[in-house]
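Student: Numbering (my numbering), first residue to last: -6 to 610. Glycine is no exception: its CB is placed at the ideal position from the N, C-alpha and C atoms. Please see the structure below; I have some questions.
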Amino acid sequence: MNTYSSPGFHGATQTISVWAPAAERMVHLVADGVKAPMKAGENGWWHSPEPVRVGSEYAFSIDGGDPRPDPRSLLQPEGIHGPSEVVDLAAHDWQDDGWRGHHADAASHDDAMRGAVFYELHIGTFTESGTFDSAIERLDHLVTLGVTHVEILPVNGVPGARNWGYDGVNWYATSAAYGGPAAFQRFVDACHARGLAVCLDVVYNHLGPSGNYLPEFGPYFNALHHTPWGPAVNLDGPQSDEVRRFIIENALMWFTEFHVDAFRLDAVHALADDTAVHILEELTAALELAAEQTGRNVVVVAESDRNDPATVTPRAREPRSGQRGLAVADGGSAGLGLSGQWADDIHHTLHVLLTGETQGYYEDFAAPAALAKMYATPFFHDGTYSSFRERRHGRPVDPEATPGWRFVASLQTHDQVGNRATGERLSQLVGVDRLACAAALLLTSPYTPMLFMGEEYGAQTPWQFFTDHVDPEIAEGTSRGRAAEFAAHGWGDAVPDPQEESTFRNSVLRWSEIDDPDGEQSLLLDWYRTLIRLRREVPDLSDPTLGTSRVERDGEGPTSVVTVHRGDCRVVVNLSGEATTIDADRVIAAWHIVDERPADGGGVRVVIPADGVAIVR
């Protein structure tokens, strides 16, 4: 019986193997300038005639063609078109032996995401230096903030030195610009030492436009399926078993060799798979089996546009040891069994409430009942008509079977900020006070909250779309296409050129913004810390039971007073433009209360100014 593994990553010398069924005659290994024929193995695999030492640079020549980097390269020191470097992943001296993951006492992996608070960051713009080592210096900030999971955007090889990470082509490689694989291991170790879990954003639905040499090796793509980025990854066509193995062993490598605790899977709706056991189910089962073998927890979260609760519905039966040692469902599946999924409808509902923007896909979320529905279910579109799609969309979530923490909710993400024309953050659109109101709505919701780096202090730096394509045609097309995308809205001249280094530099966080402890942004940071602490200390404010919250609104749209009843607590957000007065037993926490005095019948009478919020009993 075969098992999934991560071959060839350990030792001072390593046998180099590659799957290259497209080779008609021979595959040569070019290592340290010496070209040698490889040994043909089974199922299209080729193996180096002799082990290669760590630090050596190597590439493959297929049927006499140009040297190409290893599809499983761990490091591309000269970029995505250059040779690969042999790396020993066992060289790091791990210090996290006692680490079991967030919620280490969870009854099962199915429960491991309960109580999580995610923090999404991009290594290249999180600090001025843009490396794993410099990011370690800011981890204590995240500890005091109270988050549990550091979610980092993709770290794999990309064109040039700066990129969001979604143009990746070397799925196994860690960006040399960030410090390479050894630095990533140090970063994860440092996170675990501080009690922080690490979530890695991985992209298995497409490859970037430059440096994709996989088709020269084998049938990595299936032309029968199409995605917005071209032919789909071959998950169900001839020879797709090895392609699926390529994906699953990649995730296992991050889990076992880098001790990553969680995964965010990009745009899983673009994973075209007609097999009986979907790649998402097989991938999650494989990770859970590895977690059981190592005594750790694992969390798998999907970004999905389908609004389908089956993504997080548990698999039909208990896993068993299946083909290749995987834990797979026995005889059918009620769901894919992922830990959680992003719920963009929550973002859209809150964004419209706070900004009044209703263009494009925001239109439906201006409905008066949208906010109340958001607290009852993560999917606004749950079989309802979507005007943006011009069809019905989604299906209902069963509130009795599905806790709210399975759905990741946010006010801002890399997409929702970076895909705006000029990358404005919510703090730049509505100001710090209204962002504080938004934070109260998010962080007292039944869902798993996620913050985007800098949000917690109202960062005034934008986060813009940036690239560093070295291919002149792709570079020009990226710049021209970005401007054309927004020209119809009259923003073409204002859109930053993604290829300009200044676009990247403008997106780097300025940590000096919170140097003044009495400044507005430091006060906002304290507010976020308070809200996250209250999630842990006040059960009503993190109760994941769907359908039990009650929402009242006095007024319409972004000029209303919103009261959310969460158990015995009320979250009162004043967006009306003028002060409002409420009575309560006591104030738990507040942002900008004008006055608080005893009420005639006992308790307190509280005056909440415009763009203020009070959490009361």
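1) DSSP puts Asp375 in a beta bridge; with which residues?
2) Pull up the CB-CB distance for Leu245 and Leu280, whole angstroms please, since I reckon it's below 8 Å.
3) Whole angstroms is fine: what's the gap from Arg65's alpha carbon to Gly150's?
4) Grouping DSSP H, G and I as helix and E and B as strand, with all else coil, what is Gly315?
5) Let's test the definition: count the other Cβ atoms within 10 Å of the Cβ of Glu311 and tell me whether it reaches 16, buried, or not, exposed.
6) Measuring only the C-alpha atoms, how far is Gln316 from Phe445?
7) If Thr460 sits next to Asn205, beta carbons under 8 Å apart, how far is it from one beta carbon to the other, in whole angstroms?
8) Helix, strand or coil: which one does DSSP assign to Asp509?
9) Applying the criterion that 16 or more other CB atoms from any shown protein chain within 10 Å of the CB defines a buried residue, is Gly325 buried or exposed?
10) Thr220 bridges to which residues according to DSSP?
11) I need the boundaries of the alpha helix (DSSP H) containing Ser472, first residue and last residue.
12) Does the Cβ of Ala105 have 16 or more other Cβ atoms within 10 Å, making it buried, or fewer, making it exposed?
13) Between Ala15 and Gln232, what straight-line distance do the alpha-carbon atoms span, to the nearest angstrom?
14) I'd like the span of the beta strand (DSSP E) that includes Met446, first residue to last.
15) Please report the distance separating the alpha-carbon of Ser54 from that of Val196.
16) Quick one, are the C-beta atoms of His199 and Thr167 less than 8 Å apart?
17) Could you tell me the alpha carbon to alpha carbon distance between Ala84 and Val140, rounded to whole angstroms?
18) Do Val291 and Ala255 come within 8 Å of each other at the CB atom, strictly closer than that value?
19) Going by beta carbon distance, what residues of the same chain come within less than 7 Å of Ala603, once the five residues before and after it are set aside?
20) Out of His142, Ala363, Ala431, Asp593, which one is the CA nearest neighbour of Gly94?
21) In chain order, which beta strand (DSSP E) runs of at least 3 residues are fully inside the stretch 388 to 433?
22) Count the other CB atoms within 10 Å of the CB of Gln178; is the residue buried (16 or more) or exposed (fewer)?
23) Any chance the stretch 431 to 450 sits against the stretch 386 to 399, with 3 or more Cβ pairs inside 8 Å?
24) What does the alpha-carbon distance come out to for the pair Glu513 and His3?
25) According to DSSP, Gln334 sits in a beta bridge with which residue or residues?
26) Beta-carbon within less than 8 Å of Thr370's beta-carbon, same chain only, minus the 5 sequence neighbours each way: which residues are those?
27) Could you check where the alpha helix (DSSP H) with Asp284 kicks off and where it finishes?
28) Just grab the DSSP bridge partners of Pro591 for me.
29) My understanding is that Thr351 touches Ala359, with C-beta atoms under 8 Å, so please give their C-beta distance in whole angstroms.
30) How should Val587 be labelled, buried or exposed, when 16 other C-beta atoms within 10 angstroms of its C-beta is the threshold for buried?
31) Measure the beta-carbon distance from Tyr171 to Phe125 and round it to whole angstroms, keeping in mind my assumption that it falls under 8 Å.
32) State the Cα-Cα distance for the pair Arg598 and Val609, rounded to the nearest angstrom.
33) Provide the residue span of the alpha helix (DSSP H) that contains Asp234, from first to last.
34) Go ahead and label Gly594 buried or exposed: buried means 16 or more other beta carbons lie within 10 angstroms of its beta carbon, across all protein chains shown.
35) Could you say which of Gly91, Thr120, Arg187 lies nearest to Leu138 if we only look at CA atoms?
36) To test your reading of the DSSP string, which unbroken alpha helix (DSSP H) runs of 4 or more residues are found completely within the stretch 64 to 135?
Tutor: On the basis of the supplied data:
1) Per the DSSP secondary-structure output, Asp375 pairs with nothing in a beta bridge.
2) Separation of the CB atoms of Leu245 and Leu280 is rounded to 7 Å, and the pair is thereby assigned contact status at 8 Å.
3) The C-alpha of Arg65 lies about 11 Å from the C-alpha of Gly150.
4) Any reading at Gly315 must be qualified, since the residue scores a pLDDT of 43, below 50, and its modelled position is unreliable; no value is offered.
5) Caution is warranted here: a pLDDT of 49 is assigned to Glu311, below 50, making its placement in the model unreliable, and no coordinate value can be reported.
6) Low confidence applies to Gln316: its pLDDT is 43, below 50, so where it sits in the model is not reliable, and the reading given next is rough at best. Their backbone Cα atoms lie some 39 Å apart in a straight line.
7) 16 Å between Cβ atoms; not a contact.
8) DSSP places Asp509 in coil when its eight states are reduced to three.
9) For Gly325, the pLDDT reaches just 43, beneath the cut-off of 50, and the residue's location in the model is therefore unreliable, although a value from the coordinates is still provided. An exposed status is given to Gly325, since fewer than 16 other beta-carbon atoms sit within 10 Å of its beta-carbon.
10) Gly223.
11) 465 to 480 is the span of the alpha helix (DSSP H), which, as asked, contains Ser472.
12) Burial call: buried.
13) C-alpha separation (whole angstroms): 11 Å.
14) Here Met446 belongs to no beta strand (DSSP E), and DSSP marks it neither H nor E.
15) Taking the straight line from one Cα to the other gives about 26 Å.
16) No; because the gap between Cβ atoms is not below 8 Å, this pair is not in contact.
17) Cα to Cα, Ala84 sits roughly 30 Å from Val140.
18) Their beta carbons are under 8 Å apart, which means Ala255 touches Val291 by this criterion.
19) Closer than 7 Å at the Cβ level, and outside the excluded window around Ala603, lie Asn567, Ser569, Gly570, Glu571, Ala572.
20) Ranking the options by Cα distance to Gly94, first place goes to His142.
21) Considered as a whole, the stretch 388 to 433 harbours 400 to 403 as its complete beta strand (DSSP E) runs of no fewer than 3 residues, in chain order.
22) Classification for Gln178: buried.
23) In short, these stretches touch, since the Cβ pair count reaches three.
24) So the alpha carbons of these two residues sit roughly 50 Å apart.
25) DSSP lists Ala295, Phe400 as partners of Gln334.
26) Correct list, in chain order: Pro389, Val390, Pro392, Leu539, Gly540.
27) Checking the sequence, you will find Ala at residue 284 rather than Asp. Counted as a single uninterrupted DSSP element, the alpha helix (DSSP H) harbouring Ala284 occupies residues 272 to 287.
28) Listed as beta-bridge partners of Pro591 by DSSP are Val597.
29) Between Ala359 and Thr351 the Cβ distance is about 5 Å, and since that is below 8 Å, they are a contact.
30) Exposed: under 16 other Cβ atoms inside 10 Å.
31) Approximately 5 Å separates the beta-carbon atoms of Tyr171 and Phe125; this is inside 8 Å, confirming the contact.
32) So the two alpha carbons sit approximately 11 Å from each other.
33) Note, Asp234: alpha helix (DSSP H), 233 to 250.
34) Classification for Gly594: exposed.
35) Per the Cα distances, Arg187.
36) 116 to 119, 125 to 129, all fully within the stretch 64 to 135.
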